[in-house]
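Read in order, the letters of the sequence shown are residues 1 to 350 in full-length UniProt numbering. We treat Cβ as the ideally placed atom computed from N, Cα and C, and that holds for glycine. To keep things clear, I will list the structure first and then write my remarks on it.
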Amino acid sequence: MTIAPEGRRMLRVEARNSEVPIEEKPAWIKAKAHIGPEYTSLKSLVRKQDLHTVCEEAGCPNIFECWEDREATFLIGGEQCTRRCDFCQIDTGRPADFDADEPRRVAASVGEMGLRYSTITGVARDDLDDGGAWLYAETVRQIHALDHVDGRGTGVELLIPDFNAKPDQLAEVFSSRPEVLAHNVETVPRIFKRIRPAFRYERSLSVITQAREAGLITKSNLILGMGETNDEIISALQDLHDAGCDIITITQYLRPSPRHHPVTRWVKPADFVMFRDAAEEIGFLGVMSGPLVRSSYRAGRLWATAMRHRGEEIPAHLAHLDKHTPARQEAQAVVDMFGAGEEVDLTAEQ
Numbered sequence: 001m002t003i004a005p006e007g008r009r010m011l012r013v014e015a016r017n018s019e020v021p022i023e024e025k026p027a028w029i030k031a032k033a034h035i036g037p038e039y040t041s042l043k044s045l046v047r048k049q050d051l052h053t054v055c056e057e058a059g060c061p062n063i064f065e066c067w068e069d070r071e072a073t074f075l076i077g078g079e080q081c082t083r084r085c086d087f088c089q090i091d092t093g094r095p096a097d098f099d100a101d102e103p104r105r106v107a108a109s110v111g112e113m114g115l116r117y118s119t120i121t122g123v124a125r126d127d128l129d130d131g132g133a134w135l136y137a138e139t140v141r142q143i144h145a146l147d148h149v150d151g152r153g154t155g156v157e158l159l160i161p162d163f164n165a166k167p168d169q170l171a172e173v174f175s176s177r178p179e180v181l182a183h184n185v186e187t188v189p190r191i192f193k194r195i196r197p198a199f200r201y202e203r204s205l206s207v208i209t210q211a212r213e214a215g216l217i218t219k220s221n222l223i224l225g226m227g228e229t230n231d232e233i234i235s236a237l238q239d240l241h242d243a244g245c246d247i248i249t250i251t252q253y254l255r256p257s258p259r260h261h262p263v264t265r266w267v268k269p270a271d272f273v274m275f276r277d278a279a280e281e282i283g284f285l286g287v288m289s290g291p292l293v294r295s296s297y298r299a300g301r302l303w304a305t306a307m308r309h310r311g312e313e314i315p316a317h318l319a320h321l322d323k324h325t326p327a328r329q330e331a332q333a334v335v336d337m338f339g340a341g342e343e344v345d346l347t348a349e350q
């Protein structure tokens, strides 16, 4: 019997994945630390208050840039997910007991960190009667209720599972009115079931459609390097836009461990520029594309960009998010630093 690091029996797909060694990364898959005063201040506060963010615990390469903007991401619902995706480092297993106080504690952390924008994501909780809908919604409500002495507010991006597209559960989530409602499709229809067996492509699109119909700004993410083709990515971008998606992020898959899906290709930086241009031509209101872009990267700026493109006024208490600063992981910045690059196809080695 093959044992996973967590001590449980390794799944057949994990055993098959582990036969492929971890891939060597190209030069452009790296982030240089730019440590500024806001990051230093926030790092000190997090240590002093013993706060926990996905940014640190997942070792996100963009932490220096995001924390300099006073943006951070939190995971709710526990550390065990009731579903398994072949790219995701969150483990599948028996979920934690329901914790009704978690939204208050997360909001308290957001307040103590003085965040300008927060992304709230979480595990799927199919074990709960409401799928965890109240937990997601209440976390947004608690953050929005924070009393900021400087008059600024904290924008909230809520990244949700699909709640099986159940209208009552989605309505509970939508009622909390996050600045952005995100649901990540992640990959293309042809390989979707293999990569995300507990999800369905069309169902995920319907979640985005329902959020858009509820008047929310919507967002999704596509991960490259799991077996898709460039043409399939363009088609998926069109599907997402047709479903009502306002903001899109496009990123390179990085394999968390040997148990996860092997990387099939390293997409060259120039192609991320091409995908950005294609997404903008399709009509997305906000686009961020690059090898180390993550769905929460520069999230506040993307929300403000979408608001401007919709012709909507940015509320005064969130006006601080409408600023233009360089995005080091954006595709053109990566091309400027490393050149156009050459795509590396890894399938022959697997």
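Along the alpha helix (DSSP H) that carries residue i, what are the first and last residues, could you check?
i: residue 230; result: 230-243
i: residue 111; result: 102-113
i: residue 157; result: Unbroken run through residue 157 is the beta strand (DSSP E), 155-159; no alpha helix (DSSP H).
i: residue 170; result: 167-174
i: residue 208; result: 201-213
i: residue 44; result: 37-49
i: residue 314; result: Neither: residue 314 is in no alpha helix (DSSP H) and is coded neither H nor E.
Less than 8 angstroms between the beta carbons of residue i and residue j, yes or no?
i: residue 95; j: residue 127; result: yes
i: residue 159; j: residue 120; result: yes
i: residue 113; j: residue 54; result: no
i: residue 254; j: residue 116; result: no
i: residue 162; j: residue 123; result: no
i: residue 251; j: residue 223; result: yes
i: residue 26; j: residue 339; result: no
i: residue 62; j: residue 258; result: no
i: residue 178; j: residue 157; result: yes
i: residue 68; j: residue 36; result: yes
i: residue 236; j: residue 185; result: yes
i: residue 241; j: residue 284; result: yes
i: residue 326; j: residue 29; result: no
i: residue 314; j: residue 286; result: no
i: residue 328; j: residue 65; result: yes
i: residue 243; j: residue 205; result: yes
Pick helix, strand or coil for residue i, following the three-state DSSP scheme.
i: residue 18; result: coil
i: residue 9; result: strand
i: residue 92; result: strand
i: residue 346; result: coil
i: residue 187; result: coil
i: residue 221; result: strand
i: residue 3; result: Because the pLDDT at residue 3 is just 47, under 50, the model does not fix this residue reliably, and the value given afterwards should be weighed accordingly. Note: residue 3 maps to strand in three-state DSSP.
i: residue 286; result: strand
i: residue 329; result: coil
i: residue 181; result: strand
i: residue 340; result: coil
i: residue 121; result: strand
So residue i and residue j are supposed to be a Cβ contact under 8 angstroms. How far apart are they, rounded?
i: residue 344; j: residue 269; result: Not quite, the Cβ-Cβ distance comes to about 12 angstroms (not below 8 angstroms), so this is no contact.
i: residue 153; j: residue 317; result: 4 angstroms
i: residue 238; j: residue 282; result: 6 angstroms
i: residue 261; j: residue 288; result: Not really, about 23 angstroms apart at Cβ, beyond 8 angstroms.
i: residue 169; j: residue 131; result: 5 angstroms
Taking the beta strand (DSSP E) that residue i falls in, what are its first and last residues?
i: residue 74; result: 71-76
i: residue 249; result: 247-252
Practice prompt. Spell out a yes or no on whether the segment 79-98 and the segment 195-211 are touching, meaning 3 or more CB-CB pairs, one atom from each, closer than 8 angstroms.
Written response: yes
Worksheet item: Looking at C-beta atoms only, is the number of pairs between the segment 69-80 and the segment 303-312 that lie closer than 8 angstroms three or more?
Response: no
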